[in-house]
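Right, one structure below, let's go through it.
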Amino acid sequence: MGFPNPAQDHLERQISLDDLLGLREPSVFLFKMASDAMAEAGIFKNDICVVDRAINPAHGHIVQASVNGEPVCRRLWRTCGEMKLLAESPKGLARYILEGDELIVFGVVTYSVRCHEPKT
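Position 10, counted from 1, in the sequence shown is what UniProt numbering calls 10; the numbers after and before it change by one each time, with no gaps.
Okay, here's the thing in structure tokens:
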């Protein structure tokens, strides 16, 4: 049986990652980051990213996309009629979207989740 917990009255309900990250929404999917291209934005290789297809991608959003069949996660940048996908890492370069390129934006990255325990 044990003693009553004096902190019990002050505990909040359990945190649900499904609710917090919107994982039950049909427009949401997860992907695993393949590189450190977005490290300066806080998204590192092997992080799990939450992507929402229902959000309209806009200037400055981090997006999960495909350029000519190559999957990428980059920051969408639109200026003066130009569109580019920016990597946010010391080695990152801008990927300009040129006429004839096939750009498919799957959705906007809303969260990332990182594992802090190395796998053995």
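Every residue, glycine too, gets a C-beta built ideally from N, C-alpha and C. Nothing here was measured: the structure is a model prediction, and the numbers come from that model.
Sheet register partners of residue i (DSSP bridge)
i: G107; result: Q64
i: E88; result: DSSP output for E88 lists no bridge partner at all.
i: P71; result: S66
CB contact flag (residue i, residue j, <8 Å)
i: V67; j: L93; result: no
i: S27; j: A65; result: no
i: E117; j: A39; result: no
i: L76; j: G100; result: no
i: L23; j: C49; result: no
i: I104; j: M83; result: no
i: R95; j: R78; result: no
Helix, strand or coil at residue i according to DSSP, with G and I counted as helix
i: L76; result: strand
i: L30; result: strand
i: A58; result: coil
i: A37; result: coil
Nearest-angstrom beta carbon gap, residue j and residue i [assumed within contact, 8 Å]
i: residue 129; j: V113; result: Because the chain in this structure spans residues 1 to 120, residue 129 falls outside the shown range and cannot be described.
i: V108; j: V72; result: About 14 Å; that fails the 8 Å criterion.
i: F44; j: D52; result: So it is not a contact: roughly 20 Å between Cβ atoms.
Element boundaries [beta strand (DSSP E), containing residue i]
i: D52; result: I48 to D52
i: R13; result: First-last for R13: undefined, no H or E at that position.
i: R95; result: A94 to Y96
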